[in-house]
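In this note's numbering, the protein residues as written are 38 to 395.
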């Protein structure tokens, strides 16, 4: 095992420009073969140990150390920190039906009928679940659902919980009445969450296309939902910030953004834990592995690759310092998606979003 730094183009020798550079910190000498650019290239299994941004959904926000330090010294940051450590952060005000479904999903005795009956209390939400169940992303068998019982049966009660929670947060981000700046930030967050979720779907599909048997455990619909809920804690932080200003205090908006970036992971983890979401959601929202599982690629890996890809697409100046963990298949997935034209990549993202039912 050795430490090296190489150029991605040199490693793969594709014969034309490769747009990513990676610092390879560990190279394990086990032969692998990768079919890339219509050429069979023999190379080594690559594992990259990396450092990441505080939160995956903040790839659009430039890091400013000076503002971050000011933010950490602020009274607001201390108040938020105490609320998070005490587990007393205000949860998003989602509809009672969604809270009831979340509660039902924690009970082993809960069945499809109970969840379907609960959804009937909110016809609008029931219609959304049926629509999502019939979407291209969630309807792999291409069988149309015409009633809520069939939709819940096909999706499963946990997936229904994920869907209604994501939908409720999406609606909150667009409809909540805070200050102009706070409202704008939440609308931007809704757009970023969709972009991250859709990109995670593309990355997941890339893995499954290259090695369908090895990665059969990955679900593109779960990738979408994990991405949509990755920054769920931001709503709590923005609400706290709004109340802080309403009480006559002042904190510069740019400093507040740095606090949001630093605290979003802990807040999101707190919210999703409180609502009973599984470790895949927790790992991605906190950008850490909370449970060690013997899986070649996790949803956190998918999210990190998607995050890196979006940094490149947004021409983020920090991308040269941003590293991502890859195996052989992941390198090829990233290569293919990176080399799509802007038009083709955006078309694929739009297709995922438009066919997801959200």
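Note that the Cβ used here is the ideal one computed from N, Cα and C, for glycine as well. Values in this document were obtained by computation on a predicted structure and should not be read as measured data.
Asked	Found
Put residue 243 into one of helix, strand or coil per three-state DSSP.	helix
By the three-class DSSP mapping on this structure, what secondary structure does residue 169 have?	helix
Following the continuous alpha helix (DSSP H) through residue 289, name the residue where it begins and the one where it ends.	No alpha helix (DSSP H) holds residue 289; DSSP gives it neither H nor E.
Taking C-alpha atoms, which residue in 133, 374, 369 and 165 lies nearest to residue 349?	374
Rounded to whole angstroms, what is the Cα-Cα separation between residue 316 and residue 335?	10 angstroms
From residue 137 to residue 169, what does the alpha carbon distance come to, in whole angstroms?	20 angstroms
Residues in its own chain within less than 7 angstroms of residue 318 by CB, not counting five upstream and five downstream?	263, 266 and 309
Keeping to the same chain, check which residues put their C-beta closer than 7 angstroms to that of residue 205; ignore five residues upstream and five downstream.	131, 132 and 135
Which residue comes first and which comes last in the alpha helix (DSSP H) that contains residue 180?	Premise fails: residue 180 is in no alpha helix (DSSP H) and is neither H nor E.
Apart from the five residues just before and just after residue 370, which ones in its own chain have a Cβ nearer than 8 angstroms to its Cβ?	240, 243, 244, 247 and 342
Is residue 275 near residue 222, with beta carbons less than 8 angstroms apart?	yes
Once DSSP output is grouped into helix, strand and coil, what is the label at residue 331?	coil
Is residue 147 helix, strand or coil by DSSP?	coil
For the structure I just gave you, are there three or more beta carbon pairs, one from the segment 138-153 and one from the segment 194-203, closer than 8 angstroms?	yes
Return the CA-CA distance between residue 176 and residue 282, expressed in angstroms with no decimal places.	45 angstroms
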